[in-house]
Each structure stands twice: as structure tokens, then as C-alpha cells.
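Encoded as C-alpha cells, the structure appears first; notes follow it.
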Amino acid sequence: MNATESDLLGFLIRANDAQTDKNVEAEIKENLSAAQKVHKLRRLIEPLESIREQEETPDHLYLKTISFVAAHIAAEEIERRESEANLRPALTYSNNSSTLTRSLIFPSQDGATGSTMQRRSWFAGLGLAVALLLILIPAIGSVRAQYRIQSCQNTLREVHSSLLEYADTHDHKFPLMDTADPDKHLIKQLQHAAILPDSYVKGCDPEGGKFDYAYSIGYSQNGDTKSLRLDDGEHIPLLADIYDSSLNTAKNHKHGQNVLFIGGNVEFCKTPYLFVGSEVPDNIYFNRLNQLMPGLDRFDSVLVPSEELP
Numbered sequence: 000m001n002a003t004e005s006d007l008l009g010f011l012i013r014a015n016d017a018q019t020d021k022n023v024e025a026e027i028k029e030n031l032s033a034a035q036k037v038h039k040l041r042r043l044i045e046p047l048e049s050i051r052e053q054e055e056t057p058d059h060l061y062l063k064t065i066s067f068v069a070a071h072i073a074a075e076e077i078e079r080r081e082s083e084a085n086l087r088p089a090l091t092y093s094n095n096s097s098t099l100t101r102s103l104i105f106p107s108q109d110g111a112t113g114s115t116m117q118r119r120s121w122f123a124g125l126g127l128a129v130a131l132l133l134i135l136i137p138a139i140g141s142v143r144a145q146y147r148i149q150s151c152q153n154t155l156r157e158v159h160s161s162l163l164e165y166a167d168t169h170d171h172k173f174p175l176m177d178t179a180d181p182d183k184h185l186i187k188q189l190q191h192a193a194i195l196p197d198s199y200v201k202g203c204d205p206e207g208g209k210f211d212y213a214y215s216i217g218y219s220q221n222g223d224t225k226s227l228r229l230d231d232g233e234h235i236p237l238l239a240d241i242y243d244s245s246l247n248t249a250k251n252h253k254h255g256q257n258v259l260f261i262g263g264n265v266e267f268c269k270t271p272y273l274f275v276g277s278e279v280p281d282n283i284y285f286n287r288l289n290q291l292m293p294g295l296d297r298f299d300s301v302l303v304p305s306e307e308l309p
């Protein structure tokens, strides 16, 4: 496949269908030119990320829209019927001709239209209220989503402080999870080192009661698995939201995931493909062979949920 710039851009902003994304992923891995184009496009759209909305689609938005339209139509219909009723034909007596004539009696401007104007005002107020709700609901969703992202980032920064404390007493090495020993999950190791309390259960959602993050399982070197070190490079991913391959995004957020890097900075990334020590993007959840195994080198990040080790 020769991916177009439209395909590459769609890959970055998650606008492609699943099959197109798979084709683009394959081409990025095999074609350096495509990888460089993705890198260039990513840099171009970076300034837009800060203003991109994070809100989820409000529940039953289509029903609220229909209700608003229906209220408007009902108000117009009532106004039309009242206008027709007020312009009613009637019989009047003419003194000049001593005959009955048929004419139109118009309502007075004082009493007859009072109830009509009141009803019109009520419907206008209702329509305005519905319109304001349609504006405010997405805004509230956006604020809620942004708050969740920031809360998650704060949790990752707290964990980073614990990881630094661990590295200071372990020759600058971060914990290495043992895939055969559940007792050596990240949080367990930090608890055994008396850095975190045994009751620690904080995760992306402060009230969720679950540590729902993916941590580095290190990389292979001369047949051994090595843990990441504090001096390996500040831009190497260390911890991130758990990835859901069925959703093609993180479980905790829509449109991307929070990623903690060795240097302590936390970024909300729209794609799991990051540029780590190379101009070729690397999927931080799999190694370069697309395996859920330790990376091929320290720049080949592989982040896995501690409760789902390979």
C-alpha cells in the first residue's frame, strides 16, 4: 500500500477505519519515507492538540435536539392557531343601513392578547432554556474529560516520585517486573521497598480503587532482561494508561493515553506510536516485532498491565 498524506493524517488523528490504520501501521514499519512523513505531520498538528476538545458525546443528544425542534414547532403552531382564532368573522349591526353585516372583529391590544403573549413568552423561555442546555452539556462533558486527564496525570507524577526514590537506592535502576512472579508487579515492589503503603490502590480514577496502568517490562540484552535506568534517556516511556486493542485507544480515556516518561514529564498522546530515539515511530505497547515481550533495546518500549503479564 502507498499511503497518501490523507491516510497518514487520518492515522494520527484517528479518522481512518480499522483496516486503513493497519495498512498504514505496516507501511510505517517497512517504509522509512512514510515514517518520516508521519513524523513531519505529527509535528505540524502538535499545536492543535492543546485546543482539541476531549469531551464525550452527551447521552441522548439526538433526543434533546428533537425535543428542542418539537418545542419550536409546537410554539409556532399554537401561535398560528391563535392568530386564526382571533381574526374570527362576526355579525355587526349598522345604524346607517339598519342591516346586519358580516365583518372581522379584531382583538383589542389590551386584554384579548394577554394570554397569547404570555404563552409566547413561556415557549420562548422554554426554547432558550433548551438551547442553553444543548450548549452547556457538551461544555460540561469537555470539562469533565479534561479534569479526568489532569487527575490521571497527577497520579502518574506521584508514581514517578516513588520510582525515583526506588532508583536512588537501586543503582539508578527502575523496578523490573518478573513475568513469572505476580508478587513482583510494580506496585508490589514499591510496597516491599517501603516506598508506598500496603493500602495503595490509586489509579487513573482516584475513586476507582485500581492501579490501571501499563508499566515497562524492560528490554533484552545478551540474553538477559534489563530494567530501564534513570540515565537511559528522559524521553523513554515508563508508564502509561492501559491500552485496549479492541478500542484502538486507552481504556481510561478516549482519543489517546497519558504517558509518563523517565524524565518525569507526562503527556497526553493521541497515538501509541511515539518517536523514541529514532525517526521511526514505536508502538509503546509492543516491541518492534509486534510481540508482547521485552523490547529489543532500551529505546523499544513495551508497556504491559501488571495484572496481565505475558
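Heads up: the sequence shown begins at 0 in numbering that gives the first Met the number 0, then just goes up one per residue. Beta carbons are placed, not taken as given, at the ideal position from N, Cα and C, and that holds for glycine.
Sheet register partners of P236 (DSSP bridge): F260
For C203 and Q53, the rounded distance between their alpha carbons: With a pLDDT of only 47 at Q53, under the threshold of 50, the placement of this residue in the model should not be trusted, and no figure is reported.
Residues near N1 by beta carbon distance below 7 Å, same chain, minus five either side: none
Span separating the alpha-carbon of H184 from that of T3: 42 Å
Local conformation of G110 per DSSP, three classes: Residue placement at G110 is flagged as unreliable, the pLDDT there being 49, under the threshold of 50; the coordinate-derived value follows with that caveat. Coil.
Straight-line gap, S245 to F285 (C-alpha atoms, nearest Å): 15 Å
Residue span of the alpha helix (DSSP H) that contains E278, given as start and end: Here E278 belongs to no alpha helix (DSSP H), and DSSP marks it neither H nor E.
Local Cβ density within 10 Å of D197, reported as buried at 16 or more and exposed below that: exposed
Identity of the residue in T248, A34, L295, L7 nearest S215 by Cα: L295
Rounded separation between R13 and F298 - CA only: 25 Å
Bridge partners - N282, DSSP secondary structure assignment: Y272
Bridge partner(s) assigned by DSSP for D243: T248
Unbroken alpha helix (DSSP H) run spanning A5, endpoints: First, the amino acid is wrong: residue 5 is Ser here, not Ala. Its alpha helix (DSSP H) spans residues 4 to 11.
Delimiting residues of the beta strand (DSSP E) encompassing L189: Looking at the DSSP string, L189 is not in any beta strand (DSSP E); the run it does join, the alpha helix (DSSP H), is 185 to 191.
Whole-angstrom distance between I148 and H252, CA atom to CA atom: 7 Å
Status (buried if at least 16 other CB within 10 Å, exposed otherwise) for N282: buried
DSSP state of Q220 mapped onto helix, strand, coil: strand
Within 7 Å, strictly: CB atoms of A212 and P293: According to the sequence provided, residue 212 is Tyr. The question's Ala does not apply to it. No, Cβ-Cβ distance for Y212 and P293 is not below 7 Å.
Selection from F210, P271, C151, T224 that minimises the alpha carbon distance to L175: T224
Nearest residue (CA-CA) to Q145, options D180, H254, E26, S32: H254
Rounded straight-line distance, which links the Cα of G222 to that of S150: 39 Å
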